[in-house]
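Working notes for the structure below.
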Amino acid sequence: AGATIHYGTRKEPNECQIIAAGPKDSSAVAFGEIFHTDHENIVAFQLNDKLAPGAYSYLIIIDGIGLICTCLWRQQKKSGRYLNETIAWYEEHYELNRKPIKRVGGKGDFSIPDRYIHDGRHYVGEAGGLQDFMWGFGMRYAITSGVYAAHSIMGQSDYEKKVRNHLVPLIKVSAINRFLMNRLGDRGFKMVANYWMRHQARKGDGLEFMKWVYQPGIFRKALWPVVRLGMLRRKRMDDGRTVSRMPFRKSLSRDVWEPTVRAEEIGQQWKQIQRGGGAISFSESDD
């Protein structure tokens with residue numbers, strides 16, 4: 029029982045039974061800064077269409093290490109300015125005493141394939157399009173689909189059927205939620221946030237609202253054909269699969285704004301840290 033991990037090796041896809049590689053294209057990106065802080069442990073989440081176009085930003089602090097991250101669901105130039113502005117916002121609202129360590133970035137690719145087994149290979153996690161379109165999360169999908177794939181290889185279940193019955197309905201709901209979220213600006217975000225907080229006050233648990241948001245009811249099922257045609261584009265992948273993919277949306281006129289003085293100072297601060305060896309995993313020209 030168990031698995032053997034081979035470090036420093038690379039297998040060609042045609043030699044594998046399970047494909048779990050990361051994104052090939054970009055539907056969204058995220059940029060963050062990791063820093064030392066003396067602030068208490070906290071997790072904060074914000075819907076702000078200026079700081080995080082079409083998405084959200086967050087602050088996480090655990091045992092003296094913090095992360096501020098902004099997610100961009102619309103394509104932008106000089107993406108670093110969004111992170112600088114986001115850091116400035118959180119500094120204004122929390123006493124962080126921030127000492128930057130490094131900056132990080134990543135991308136997400138959102139798609140729904142026609143098949144989850146192709147040429148005998150089981151596509152799991154993000155490689156199989158099993159990722160939440162609304163928020164970008166996918167660890168549970170990755171682990172669950174990995175288990176399904178292992179069971180399928182051992183002849184205990186049908187991977188295609190398991191994924192379609194248990195995971196795809198939730199993925200489709202998340203795509204519908206993303207379609208609706210794309211049509212909101214700050215005013216819409218504020219309405220959602222206010223309702224969410226009132227719902228949490230009544231129920232005593234903010235996750236109850238999210239549970240409701242992900243219920244595949246009649247309204248969302250009726251929207252699916254509109255979402256599929258209006259938000260997704262058919263694409264033939266290099267490995268021969270065909271997927272319905274969400275392309276990276278173009279920027280809007282409201283995405284053009286002048287940075288605050290503090291955000292520009294934060295940008296200059298980071299350039300100084302870079303000269304001293306500070307690591308960064310994305311460039312200012314990322315778009």
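Everything in the sequence shown is counted per this note's numbering, starting at 29 for the first residue and increasing by one. For glycine and all other residues, C-beta sits at the position ideal for the given N, C-alpha and C. Computed from a prediction, not measured in an experiment: that's the story for all the values here.
Rounded separation between residue i and residue j - CA only
| i | j | result |
| --- | --- | --- |
| Lys190 | Arg149 | 15 Å |
| Lys231 | Gly305 | 48 Å |
| Lys278 | Gly82 | 11 Å |
| Gly60 | Val132 | 5 Å |
| Ala250 | Thr37 | 47 Å |
| Thr98 | Arg290 | 17 Å |
| Pro41 | Ala155 | 12 Å |
| Leu95 | Tyr86 | 8 Å |
| Asp314 | Gln296 | Legend: pLDDT at Asp314 = 48, less than 50; position of this residue unreliable, value from coordinates given subsequently. The straight-line gap from Cα to Cα measures roughly 18 Å. |
| Thr114 | Leu280 | 19 Å |
| Met259 | Asn210 | 10 Å |
| Pro141 | Gln184 | 23 Å |
| Arg261 | Arg303 | 42 Å |
| Asp91 | Arg248 | 41 Å |
| Glu120 | Tyr110 | 15 Å |
| Ile199 | Tyr242 | 9 Å |
| Gln228 | Arg264 | 43 Å |
| Pro275 | Ile145 | 23 Å |
| Ile181 | Trp240 | 35 Å |
| Gly50 | Arg226 | 37 Å |
| Arg168 | Gly108 | 29 Å |
| Glu236 | Ser272 | 30 Å |
| Leu257 | Trp224 | 29 Å |
| Tyr35 | Tyr151 | 21 Å |
Residue i in three-state terms, based on DSSP
| i | result |
| --- | --- |
| Gln327 | No statement about residue 327 is possible, as the shown extent of the chain runs from 29 to 315 and does not include it. |
| Leu195 | coil |
| Ile204 | helix |
| Thr270 | strand |
| Gln28 | Residue numbering for the chain in the displayed model covers 29 to 315; residue 28 lies beyond these limits and cannot be assessed. |
| Leu257 | helix |
| Gln359 | Nothing in the structure corresponds to residue 359, since the chain is present only between 29 and 315. |
| Leu235 | helix |
| Ala31 | coil |
| Glu43 | helix |
| Asp315 | Any reading at Asp315 must be qualified, since the residue scores a pLDDT of 44, below 50, and its modelled position is unreliable; the value itself is stated next. DSSP places Asp315 in coil when its eight states are reduced to three. |
| Val152 | coil |
| Phe247 | helix |
| Lys135 | strand |
| Phe118 | The amino acid occupying residue 118 in the given sequence is Tyr; Phe does not appear at that position. Of the three classes helix, strand and coil, the one that applies to Tyr118 here is helix, per DSSP. |
| Gly98 | According to the sequence provided, residue 98 is Thr. The question's Gly does not apply to it. Thr98: strand per DSSP, three-state reduction. |
Proximity to residue i [Cα-Cα], best of the options
| i | options | result |
| --- | --- | --- |
| Ile70 | Ile46, Tyr122, Lys78 | Tyr122 |
| Phe207 | Ser279, Gly92, Phe161 | Phe161 |
| Leu195 | Phe276, Gln184, Met209, Ala170 | Ala170 |
| Asp283 | Ala203, Asp53, Arg102 | Arg102 |
| Ile320 | Val201, Leu124, Asn76 | This structure cannot speak to residue 320, because the chain is shown only from 29 to 315. |
| Glu43 | Met167, Thr172, Val57, Asp147 | Asp147 |
| Glu286 | Asn112, Ala48, His67 | Asn112 |
| Thr172 | Gly153, Ser272, Gly183 | Gly153 |
| Thr65 | Pro51, Leu235, Val220, Tyr118 | Tyr118 |
| Asn193 | Pro244, Arg261, Met225, Met274 | Pro244 |
| Gly216 | Arg168, Leu75, Ser107, Tyr35 | Leu75 |
| Gly30 | Tyr151, Val175, Leu124 | Val175 |
| Lys52 | Leu235, Lys135, Ala229 | Lys135 |
| Glu292 | Ala221, Met238, Lys106 | Lys106 |
| Lys218 | Tyr84, Ser180, Asp266, Gly50 | Tyr84 |
Cβ-Cβ distance between residue i and residue j below 8 Å
| i | j | result |
| --- | --- | --- |
| Ser55 | Asp186 | no |
| Trp252 | Pro128 | no |
| Ala177 | Ile308 | no |
| Ala72 | Leu100 | no |
| Ile294 | Ala116 | yes |
| Gly164 | Asp77 | no |
| Asn139 | Gly166 | Looking at the sequence shown, residue 139 is not Asn but Ser. Not in contact: Ser139 and Gly166 (Cβ atoms no closer than 8 Å). |
| His67 | Ile89 | yes |
| Arg126 | Glu188 | no |
Expected contact under 8 Å - CB spacing of residue i and residue j to nearest Å
| i | j | result |
| --- | --- | --- |
| Arg62 | Lys130 | In the sequence as displayed, the identity of residue 62 is Ile instead of Arg. With a Cβ gap of about 5 Å, Ile62 and Lys130 count as contacting. |
| Ile204 | Val255 | 5 Å |
Residue-level contact to chain C via CB, residue i, 8 Å cutoff
| i | result |
| --- | --- |
| Gly258 | In the structure shown, chain C cannot be found, because there is only a single protein chain. |
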